[in-house]
Amino acid sequence: MKTEKENNHTGSCRIYVGTSGYSYTEWIDAGFYPPGTRSGDMLRFYARRFPTTELNYTWYQMPRAGTVKRQLSLVPSDFMFAVKLTRTLTHEIDPQRWQIEASAYRNGIVPLLQARQLAAVLIQLPPYFNRTPSNRKYLASLLNKLHGLPLAVEFRHLSWANDRVFDELKQRQVTLVSVDEPDLPGLFPALDMLTNTDLFYVRFHGRNAKGWRSGNLQHQFDYNYTEDELSEWIESKIMPMAGEADRGLIFFNNHVSGQAAQNAATLIDLLKRQGLEVAGHA
Amino acid sequence: MRERSIIHLNVADFAVAVERIVDSRLRERPVIIAPDSAPRATVYDMSEEAYQSGVRKGMVLRHALRYCRDASVLPPRLDRYERAMESLLKCTLPYSPLIELADHNGHVFIDVTGTGRLFGSAPDIAWRIRKATKKNIGLDPVWSVAPNKLVAKVATRIVKPSGEYIVKTGEEQSFLKPLPTTLIPGLTQEDINRLREFNMLRAGHVAALSMDQLDVIFGKRSLFLYEAVRGIDPSPVTPVGQKQPMVKHRLSFKGDTNDGEEVQNALYGIVEQAVADLRKQHLAARRVGIILDYTDGFRSSRQASISPPAADNFRLFTAAKTAFDHAWKRRVRVRHFCLIYDRLIRPPAQLLLFAAERNQESKQQQLCAALDTIRVRFGPKAIRTGRTFPMTAA
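Protein chains in written order, with this note's numbering: chain Z, 1 to 282; chain R, 1 to 394.
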C-alpha cells in the first residue's frame with residue numbers, strides 16, 4: 001500500500017550526480033584539475049563541473065562548523081552535500097560516548113542545514129556489522145538520535161537484505177542506499193528498493209572483484225565503468241526509482257586515476273539522453 | 001613546489017601511556033612520573049587525571065602530590081620509552097621512508113607526499129597507522145594531516161587527548177588565526193611575554209603585523225614569527241634512521257654539584273673532546289646546545305649560535321659557556337649535562353679582514369692542530385689544559 005507521501009509524488013525527480021570525495025591530488029595528473037591546483041582550491045573547481053559531492057573526510061574526522069562554513073563559501077548556493085557519518089558512530093562505536101559523538105556531528109553540520117545545502121547524511125555501516133539483536137538495537141537508537149536529518153543507510157552485510165528492514169526504513173523515511181559493487185558472496189546486493197520517496201541514493205563503488213578485499217583502497221576502487229554498464233543501471237534501477245522519488249543522489253566512489261569524475265560526467269549525459277532532470281551544467 | 005602531506009602522531013602523556021601498557025592497574029588512577037629519590041624532584045610527566053587535578057610538568061613533586069594525593073608516582077624510565085618509540089616507528093615504516101621521531105615523547109612526523117597512488121589518501125594512512133598502533137602496542141595516538149610539520153603539530157595539540165584534525169593546503173593561516181600564540185611551536189616564553197605586552201594573544205593578532213612592524217619589536221626573531229603565525233614551515237621530515245649531523249657529548253658528575261668552577265672546568269674538558277671530533281671530520285659548527293639535568297629531575301636546555309662557524313676550542317668554548325650560563329639559572333645542583341654542536345658545515349674559506357685578528361686565529365689553529373697531533377699519537381690524556389685537572393684542596 002502506498003503512503004500519503006507516495007501518492008503526492010509530483011513525478012519530477014531532480015537527480016544530482018557527483019563523486020565520493022573531491023580532494024585527490026592524482027586527479028591533477030588525470031587532467032580533472034588544472035596543474036598546480038592546491039587541495040584547498042579543489043572544491044571550487046569541482047563545483048564548476050558537478051552539482052554535488054559526498055564529503056568523506058567526515059568519516060575520519062568529526063565535521064567542524066568552521067571548516068564546513070569555509071567549504072560552503074567555495075560553492076554556489078545550489079550545490080548540495082552528502083556527508084558521511086563519522087567512524088566513531090559506525091565502525092568504532094564506544095557505547096559510553098556514541099551519543100556525545102552524535103551530538104557533536106549534528107553541531108558540525110549545522111551550517112549545511114542553515115544554508116539548506118545538506119542533501120543527505122550517509123550512514124555507511126562496516127561489512128562486519130551484521131543483523132544481530134544488539135546491532136539492530138544500536139542502529140535503531142542511532143536513527144532516533146539523528147532524527148530530523150535526511151538519513152541514508154548503506155548496509156554492507158547481506159543479512160540486512162530483508163523485507164522487515166526495508167519496511168522499518170520506509171516507516172522512518174530513511175533512504176536505503178543502492179550500491180553497485182563486485183558480484184562477490186556476502187556483499188549487499190544491488191537493489192532498486194525505494195524506502196523514502198524524498199530521496200533515492202546510489203553509490204557506484206566499481207566492480208574490481210580482485211582488488212575488493214585487498215585492504216588497499218587504491219586497488220579496491222580501481223574500476224572504469226563502460227557506457228553499457230551505466231545504461232543498464234539507468235534502465236533497470238535509476239529510472240524506476242526516479243519515477244517515484246523527488247530527488248536522487250548518485251555518487252561514484254571509483255576515485256582511482258580520476259575514473260569517478262569521468263564516469264559521473266558520462267552518467268549525466270546518459271541520464272539527460274533519457275529525458276531525466278539532471279542538476280548542474282556538466 | 002609540490003604540495004606536501006605530513007602526518008603527525010602524538011601520544012598524549014606518552015610516559016604515562018607506556019607505563020599503563022606495562023601495568024594495567026595504573027589505567028584507572030592518576031599517575032605522576034617523577035624521580036622520587038631526589039629531595040626536590042619535579043614532575044616529568046603526568047596522566048590526564050593528574051593534570052585535571054592541577055599537576056603540571058616541572059612542578060615540585062611534593063607540591064604536585066598536594067594537588068593529587070592518590071596519584072601513583074613512578075620514576076622516569078627512558079629506556080622503556082625509547083623501546084615504545086621503536087615500536088611506534090615499526091607501525092609507520094610501511095608507508096614512507098620519511099619518518100622523524102622526537103626523543104622519547106611520543107611525537108612522530110611522517111611525510112606521505114606522493115604516496116596516494118600506493119596507499120590512498122593521507123587521512124586514510126593516518127587512520128590505518130593509528131589502528132595498527134592501537135592493536136600492536138596498545139598506544140592510541142592523536143593524529144593530524146597538514147601541509148607542514150608546524151601546522152600538523154599545532155593540530156594535534158588542539159585535539160589532545162584524543163581525536164584527529166585535517167588541515168588542507170591553503171587553510172594554514174585561517175586555521176592558526178584564532179589560536180593562542182602559546183600553541184605555536186618554536187615560540188619562546190620571552191616571545192610570548194613580549195607579545196603579551198602588546199596584547200597580542202592569538203596567532204591572528206601577530207599575523208596582522210607586517211614583517212617591518214615585527215622587525216621593530218623582535219629584531220632577528222621577526223622572520224621566524226612572521227612565518228610561524230602564517231603556518232609557513234618548509235623544514236623537511238628527516239628520513240628514518242638519518243639523524244641531523246651533530247657532535248654530541250655527555251658528562252655526569254659523580255656527586256651532584258653546584259660548584260661553578262668545577263662545572264665550568266668540566267664543560268671545558270668536554271668541549272675539547274667535542275671540538276677534536278669536529279676537526280677530525282673537517283667540520284665547523286654553527287650552533288651549540290646544552291641540555292642540563294638538575295639533581296631534582298628538572299631539565300633545562302639552551303642554544304647559542306656561532307657566527308662565523310668555528311672549529312677551535314676557544315670560540316666554541318665561549319659559545320658553549322654562553323648556552324650553559326643560560327641553561328643553569330636555578331640554585332640547584334647539576335647532575336648531568338649534554339653538549340651538542342650541530343648545523344655543521346665545511347669550515348669557511350673566507351679569511352679575516354684584519355691582520356691582527358688573522359694572526360690570532362692562525363695561532364689558535366696551530367695550537368689546536370698541535371694538541372690534536374699529540375693526542376692522536378700518545379693518547380687523549382697525553383696533554384691537557386690545566387683547568388681540566390681535578391682540583392685538590394690546598
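Beta carbons: idealized from backbone N, C-alpha and C, even for Gly.
Please report whether the beta-carbon of residue i lies at a distance below 8 angstroms from any beta-carbon of chain Z.
i: T169 (chain R); result: yes
i: P180 (chain R); result: no
i: P123 (chain R); result: yes
i: L118 (chain R); result: yes
i: E272 (chain R); result: no
Compare the C-beta of residue i with all C-beta atoms of chain R and state if any pair is closer than 8 angstroms.
i: Q259 (chain Z); result: no
i: Q61 (chain Z); result: yes
i: Q96 (chain Z); result: no
i: E6 (chain Z); result: Bear in mind that a pLDDT of 48 at E6 (chain Z), under 50, signals an unreliable position, so the model cannot answer this.
i: Y46 (chain Z); result: no
i: Y57 (chain Z); result: yes
Taking all protein chains shown into account, do 16 or more other C-beta atoms lie within 10 angstroms of the C-beta of residue i, making it buried, or fewer, making it exposed?
i: D111 (chain R); result: buried
i: D79 (chain R); result: exposed
i: G52 (chain Z); result: Note that residue 52 (chain Z) corresponds to Thr in the displayed sequence, not to Gly. Classification of T52 (chain Z): buried, given that the 10 Å Cβ count is 16 or more.
i: E4 (chain Z); result: Residue confidence is low: E4 (chain Z) scores 48 on pLDDT, short of 50, so the model does not pin down where it sits. Its coordinate-derived value is still stated next. Exposed.
i: Y128 (chain Z); result: exposed
i: E6 (chain Z); result: Legend: pLDDT at E6 (chain Z) = 48, less than 50; position of this residue unreliable, no value from coordinates given.
i: W152 (chain R); result: Correcting the residue identity first, residue 152 (chain R) is Ala in this sequence and not Trp. Under this definition A152 (chain R) is a buried residue.
i: H63 (chain R); result: exposed
i: F317 (chain R); result: buried
i: A140 (chain Z); result: exposed
i: V11 (chain R); result: buried
i: V174 (chain Z); result: buried
i: G297 (chain R); result: buried
i: S121 (chain R); result: buried
i: M1 (chain Z); result: In this prediction, M1 (chain Z) has a pLDDT of 43, which is less than 50 and means its spatial position is unreliable; what the coordinates show is noted afterwards. It is exposed - the Cβ of M1 (chain Z) has fewer than 16 other Cβ atoms within 10 Å.
i: G21 (chain Z); result: buried
i: A228 (chain R); result: buried
i: K84 (chain Z); result: buried
i: S362 (chain R); result: exposed
Assuming residue i and residue j make a contact with CB atoms under 8 angstroms, what is their CB distance in whole Å?
i: I123 (chain Z); j: T90 (chain Z); result: 6 angstroms
i: V206 (chain R); j: L225 (chain R); result: 6 angstroms
i: L184 (chain Z); j: A152 (chain Z); result: About 23 angstroms separates the two Cβ atoms, so there is no contact after all.
i: K149 (chain R); j: F198 (chain R); result: Between F198 (chain R) and K149 (chain R) the Cβ distance is about 27 angstroms, and since that is not below 8 angstroms, they are no contact.
i: L149 (chain Z); j: V121 (chain Z); result: 5 angstroms
i: K321 (chain R); j: Q264 (chain R); result: 7 angstroms
i: Q259 (chain Z); j: L118 (chain R); result: Not confirmed; about 17 angstroms, so no contact.
i: P309 (chain R); j: R331 (chain R); result: 34 angstroms between Cβ atoms; not a contact.
i: L199 (chain Z); j: R247 (chain Z); result: 5 angstroms
i: K170 (chain Z); j: T132 (chain Z); result: K170 (chain Z) to T132 (chain Z), Cβ: 22 angstroms. No contact.
i: L9 (chain R); j: W127 (chain R); result: Actually they do not touch by this definition, with Cβ atoms about 11 angstroms apart.
What does residue i pair with, by DSSP beta-bridge criteria?
i: V237 (chain R); result: Its beta-bridge partners do not exist; DSSP assigns none.
i: E14 (chain Z); result: Residue 14 (chain Z) is actually Arg in this sequence, not Glu. DSSP output for R14 (chain Z) lists Z:R247, Z:E277 as bridge partner(s).
i: F252 (chain Z); result: Z:T19, Z:F204
i: Q281 (chain R); result: Answer is none; Q281 (chain R) lacks a bridge partner.
i: D45 (chain R); result: R:I33
i: N10 (chain R); result: R:H107, R:V142
i: G289 (chain R); result: R:Q303, R:I340
i: I345 (chain R); result: R:A284
i: F81 (chain Z); result: Z:T53, Z:L118
i: P180 (chain R); result: R:R202
i: F180 (chain Z); result: The sequence shown places Asp at residue 180 (chain Z), not Phe. D180 (chain Z) pairs with Z:F204.
i: H249 (chain R); result: R:L339
Is residue i near the ligand GDP, judged by its Cβ being under 7 angstroms from some heavy atom?
i: L118 (chain Z); result: Although the ligand GDP was asked about, the structure shown includes no ligands whatsoever.
Using a Cβ-Cβ cut-off of less than 8 angstroms, give me the residues of the segment 202-223 of chain R that come near chain Z, in sequence order. none
Taking any Cβ of chain R, which residues in the segment 24-41 of chain Z have a Cβ under 8 angstroms from it, in chain order? Y24, T25, E26, R38, S39, G40, D41
Residues in the segment 156-168 of chain R having any Cβ partner in chain Z nearer than 8 angstroms: G163, E164, Y165, I166, K168
Interfacial residues, the segment 123-147 of chain R to chain Z, with Cβ spacing under 7 angstroms: P123, D124, W127
Short of 7 angstroms Cβ to Cβ, which residues in the segment 1-24 of chain R face chain Z? E3
Contact list for the segment 217-245 of chain Z against chain R, Cβ threshold 8 angstroms: L217, Q218
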